[in-house]
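From first to last, the protein sequence lines stand for chains A and B. Counting from 1, position 5 in the first sequence corresponds to residue 603 in our numbering; the numbering is continuous, with no gaps. Counting from 1, position 183 in the second sequence corresponds to residue 310 in our numbering; the numbering is continuous, with no gaps. Everything on this sheet refers to the single structure shown next.
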Amino acid sequence: MKILVAVKRVADPNVKVRLRADGSGLDLAAVKMTMNPFDEIAVEEAVRLKEAGIASEVVVVSVGPDKATETLRTALAMGADRGLLVRTEATTEPLAVAKVLSAVAGEEQPALILLGKQAIDDDCNQTGQMLAAKLGWPQATFASQLAVDGDRVTVIREVDGGSQTIALTLPAIVTADLRLNEPRYASLPNIMKAKKKPLEERQASDYGLVIEERLEVVRLEEPPTRAAGIKVKSVAELVERLKTEAGVLA
Amino acid sequence: MSVLVLAEHGNAQLDEATARAVSAALCLDNDVHVLVAGKGCHDVALAAAHLDGVSKVLLAEGESLANQLAEPLADLIVARSGNYDAIVAASTSTGKNVMPRVAALLDVMQISDVIAIDSPDLFRRPIYAGNIVQTVRSKDPKRVLTIRASAFRPVGKGEAKPIETVDIVPGSCLSTFVANAVAVSERPDLTSARIVVSGGRGMGSADNFETVLAPLADTLGAALGASRAAVDAGYVSNDLQVGQTGKIVAPDLYIACGISGAIQHLAGMKDSKVIVAINRDAEAPIFQVADYGLVADLFEAVPELKGTLASAT
Ligand SMILES: Cc1cc2nc3c(=O)[nH]c(=O)nc-3n(C[C@@H](O)[C@H](O)[C@H](O)COP(=O)(O)OP(=O)(O)OC[C@H]3O[C@@H](n4cnc5c(N)ncnc54)[C@H](O)[C@@H]3O)c2cc1C
Ligand SMILES: Cc1cc2nc3c(=O)[nH]c(=O)nc-3n(C[C@H](O)[C@H](O)[C@H](O)COP(=O)(O)OP(=O)(O)OC[C@H]3O[C@@H](n4cnc5c(N)ncnc54)[C@H](O)[C@@H]3O)c2cc1C
């Protein structure tokens, strides 16, 4: 069974992203970039399925600029077998990414495609579901546990009310939530080995696709920041202020 | 132009998020229909028909819709979509699961987690854990939106409007439902509670959550929440996680105990009206957003707070 994992290069989640002083866009010039944390979880799951003898090959794919090869190398160092970069300098909205991934799936014929549940930069939470629609495959989003058995995959999903278990017939799409696993750190020897693993580059046009934008960003702004309040000295003072000043306690 | 709102419910009860989604839909147009899809959910349809501003309810019932699985639900919405210029759902786990599938089937780019509608084609949404707000214009002929429920006031109750039964879409069953593990709680729902009491890694154990934090929540009639660290450590179940990748809340009062205030956590609660932080580290970032900060050991402060409040009532 072949597994395809989609990985995205994003700003480090620990960095507070700001606007450029002139408001013309995001100030990402000095920001450290990493693999989207949910995608690390997706790669880890695929590699574990390979180690368990369930998957035969793990292919990682990213849609983005040249620099996204670094992200693919990280995935290869974690244990993926082969990388594919579909190069574009254009803005990659989930619908466009889903179309590219669907074309890649057409060529690669994986039995399972793993994605992150959301990218922590744009927080869209769409790509996996859109890809499932484009391919006409079943989907299991927000996975916290996954088990493959023959041509079926059973997934426990984190939902608002608790958790839901569903079973899908392969081929299928699964998007990873935080508690699916704890991704490994790539060891130095594996980072060296990853440099020799195959990494192919293609263009969207190779698949007969044009990456187009459907959303026009009209404005970017920083929301008003919340001013820090006061420090109270005691529980008694806290209760008093909540009652009289804030008016949130009767 | 008409708008279709997907009702959020568990077959027995209409979720408050629907009244908030209707409120967002009314910013687009005043002809708003609500789709109730499920099984044995006639009461839900009745409740939806009483939402102020709704002009019609569509009720679709069938076995395949009983558990809100994405594939049959998306097919149903797409089948009805011809009559609508916009389709709206709240950013609940169901909305987030099904709406992108609908959007892709319609070849439309979804606008996720909208917090304000400036005009029928201008939408504001947070990116980068809420540190930046993006205003986008859709170039698509149809709009598919998920809205952040806490950013819209729920509509009230109105006169009953008609309920029309619609057919389900027969189709292949690509996925099957196996089980639900519903977290049962007597406490108010996290996303609609007026007061939320949240605990972080500082709580130290599941036991402390129950014996130290829960009594405070119950004294206040509050919902319980948690940081990711507390959920990962197994102190509480995943449905209590507040944050960028958990639930977004905006109660009147949010009390954070033993939570440091990482940006991912702040993204889920910084629109609360009043924020209280109890943390023994005076430098914890949570104090930068707290209206009232108490530098103290939570194991002393929380029981004392509970005691003071309990004796006052
Ligand atoms: C520098 C920069 C500038 C931008 N400028 C604009 C702009 O001007 N206008 C605008 O509308 N948007 C802009 N964007 C955002 C734009 O890239 C998309 O909106 C965004 O990439 C898609 O949303 P998402 O990643 O949150 O998708 P999600 O649906 O949240 O992603 C879920 C999962 O899908 C997979 N995935 C997503 N994207 C890719 C990918 N490219 N390759 C492989 N797998 C992927 C991953 O597994 C990921 O975990 C910009 C982004 C960046 C980084
Ligand atoms: C992709 C991604 C998504 C994430 N999504 C979320 C999310 O949705 N929600 C979320 O919350 N986090 C999220 N996180 C995690 C986030 O970055 C933080 O790690 C997390 O919020 C920390 O939780 P915490 O504040 O409970 O723990 P810590 O940061 O460890 O803080 C514990 C605090 O408790 C205090 N404390 C300890 N003992 C006591 C005591 N006895 N009395 C008083 N105070 C005490 C300490 O001083 C400290 O400030 C995400 C991270 C990533 C990478």
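Cβ coordinates follow ideal geometry from the N, Cα and C atoms, glycine included. Small disclaimer: the values here were computed from a predicted structure and weren't measured.
Residue i, DSSP secondary structure in three states
{"i": "Val376/B", "result": "coil"}
{"i": "Phe336/B", "result": "helix"}
{"i": "Ile204/B", "result": "helix"}
{"i": "Arg147/B", "result": "helix"}
{"i": "Leu778/A", "result": "helix"}
{"i": "Val171/B", "result": "helix"}
{"i": "Asp637/A", "result": "helix"}
{"i": "Asn194/B", "result": "coil"}
{"i": "Ala357/B", "result": "helix"}
{"i": "Ser761/A", "result": "strand"}
{"i": "Tyr381/B", "result": "strand"}
{"i": "Glu692/A", "result": "Strictly speaking, residue 692/A in this sequence is Pro, with Glu absent from that position. It is helical."}
{"i": "His392/B", "result": "helix"}
{"i": "Ile413/B", "result": "helix"}
{"i": "Met728/A", "result": "helix"}
{"i": "Arg824/A", "result": "coil"}
{"i": "Glu835/A", "result": "helix"}
Chain-ordered chain A contacts of residue i [CB-CB under 7 Å]
{"i": "Asp179/B", "result": "Ordered by position in chain A, no residue passes the 7 Å Cβ test against Asp179/B, which lies about 24 Å from the chain."}
{"i": "Leu232/B", "result": "Ala731"}
Spatial distance of residue i from residue j (CA atoms)
{"i": "Leu380/B", "j": "Ser325/B", "result": "11 Å"}
{"i": "Ala389/B", "j": "Asp158/B", "result": "42 Å"}
{"i": "Val641/A", "j": "Met633/A", "result": "10 Å"}
{"i": "Tyr419/B", "j": "Gly137/B", "result": "37 Å"}
{"i": "Thr669/A", "j": "Ser246/B", "result": "38 Å"}
{"i": "Ala717/A", "j": "Leu196/B", "result": "23 Å"}
{"i": "Thr767/A", "j": "Val751/A", "result": "7 Å"}
{"i": "Pro787/A", "j": "Ala193/B", "result": "50 Å"}
{"i": "Glu819/A", "j": "Leu203/B", "result": "37 Å"}
{"i": "Gly434/B", "j": "Gly331/B", "result": "21 Å"}
{"i": "Ile382/B", "j": "Leu421/B", "result": "11 Å"}
{"i": "Phe279/B", "j": "Tyr805/A", "result": "42 Å"}
{"i": "Leu432/B", "j": "Gly361/B", "result": "25 Å"}
{"i": "Thr886/A", "j": "Leu683/A", "result": "In the structure as shown, chain A starts at 599 and stops at 848, and residue 886/A therefore has no counterpart that could be examined."}
{"i": "Leu713/A", "j": "Ala673/A", "result": "13 Å"}
{"i": "Gly734/A", "j": "Ile711/A", "result": "13 Å"}
Residue-chain proximity (residue i, chain A), Cβ-Cβ < 7 Å
{"i": "Lys397/B", "result": "yes"}
{"i": "Val132/B", "result": "no"}
{"i": "Tyr107/B", "result": "No statement about residue 107/B is possible, as the shown extent of chain B runs from 128 to 440 and does not include it."}
{"i": "Val401/B", "result": "yes"}
{"i": "Gly420/B", "result": "yes"}
{"i": "Gly307/B", "result": "Note that residue 307/B corresponds to Asn in the displayed sequence, not to Gly. Cβ-Cβ to chain A under 7 Å: yes for Asn307/B."}
{"i": "Val171/B", "result": "no"}
{"i": "Gln140/B", "result": "no"}
{"i": "Asn365/B", "result": "yes"}
{"i": "Pro227/B", "result": "yes"}
{"i": "Val416/B", "result": "yes"}
Contacts of residue i in chain A (Cβ-Cβ under 8 Å)
{"i": "Pro137/B", "result": "Contrary to the premise, residue 137/B reads as Gly rather than Pro in this sequence. The contacting residues are Gly759."}
{"i": "Glu313/B", "result": "What Glu313/B touches in chain A: nothing, since even the nearest Cβ is about 15 Å away."}
Chain B contact for residue i (CB, 7 Å cutoff)
{"i": "Gly827/A", "result": "yes"}
{"i": "Asp749/A", "result": "no"}
{"i": "Thr773/A", "result": "no"}
{"i": "Arg839/A", "result": "yes"}
{"i": "Glu691/A", "result": "yes"}
{"i": "Gln727/A", "result": "yes"}
{"i": "Ile711/A", "result": "no"}
{"i": "Val736/A", "result": "A small correction: the amino acid at residue 736/A is Pro; Val does not occupy that position in the sequence shown. Taking Cβ atoms only, chain B reaches closer than 7 Å to Pro736/A, which makes this a yes."}
{"i": "Thr763/A", "result": "yes"}
Chain-ordered chain B contacts of residue i [CB-CB under 9 Å]
{"i": "Lys614/A", "result": "Tyr255, Ala256, Asn258 and Ile390"}
Residue i: contacting residues in chain B (beta-carbon distance under 7 Å)
{"i": "Asn723/A", "result": "Lys223 and Ser239"}
{"i": "Glu814/A", "result": "Val263, Arg264 and Lys266"}
Neighbour list for residue i in chain A, Cβ cutoff strictly below 9 Å
{"i": "Asp156/B", "result": "In chain order: nothing, as chain A lies at least about 20 Å away."}
8 Å Cβ cut-off: residues of chain B touching residue i
{"i": "Val830/A", "result": "Tyr419, Gly420 and Leu421"}
{"i": "Ser742/A", "result": "Asn365"}
Quick one: any contact between the stretch 200-216 of chain B and the stretch 698-717 of chain A, if contact means 3 or more CB pairs under 8 Å? The stretch 200-216 of chain B, when compared against the stretch 698-717 of chain A, does not touch it at the 8 Å Cβ threshold.
Any 3 or more C-beta pairs closer than 8 Å across the stretch 724-740 of chain A and the stretch 662-677 of chain A: At 8 Å Cβ cutoff, the stretches do not touch.
Counting Cβ pairs, one atom from each stretch, are 3 or more of them under 8 Å apart for the stretch 772-787 of chain A and the stretch 797-809 of chain A? Fewer than three pairs of CB atoms, one per stretch, sit closer than 8 Å, so the stretch 772-787 of chain A makes no contact with the stretch 797-809 of chain A.
Touch check for the stretch 744-764 of chain A and the stretch 346-359 of chain B: three-plus C-beta pairs under 8 Å? No, the stretch 744-764 of chain A is not in contact with the stretch 346-359 of chain B.
Evaluate the contact criterion for the stretch 369-379 of chain B versus the stretch 310-323 of chain B: three or more CB pairs, one atom per stretch, below 8 Å. They touch, by the three-pair rule.
Can you confirm whether the stretch 406-414 of chain B touches the stretch 258-274 of chain B when touching is taken to mean that 3 or more C-beta pairs between the two stretches lie within less than 8 Å? Because the criterion of three Cβ pairs below 8 Å is not met, the stretch 258-274 of chain B and the stretch 406-414 of chain B do not touch.
Three or more beta-carbon pairs under 8 Å between the stretch 294-306 of chain B and the stretch 166-182 of chain B, yes or no? The stretch 294-306 of chain B vs the stretch 166-182 of chain B: no contact.
Looking at C-beta atoms only, is the number of pairs between the stretch 709-728 of chain A and the stretch 212-229 of chain B that lie closer than 8 Å three or more? The stretch 709-728 of chain A, when compared against the stretch 212-229 of chain B, does touch it at the 8 Å Cβ threshold.
Counting pairs of Cβ atoms below 8 Å between the stretch 252-263 of chain B and the stretch 148-166 of chain B, do you hit three or more? They do not touch, by the three-pair rule.
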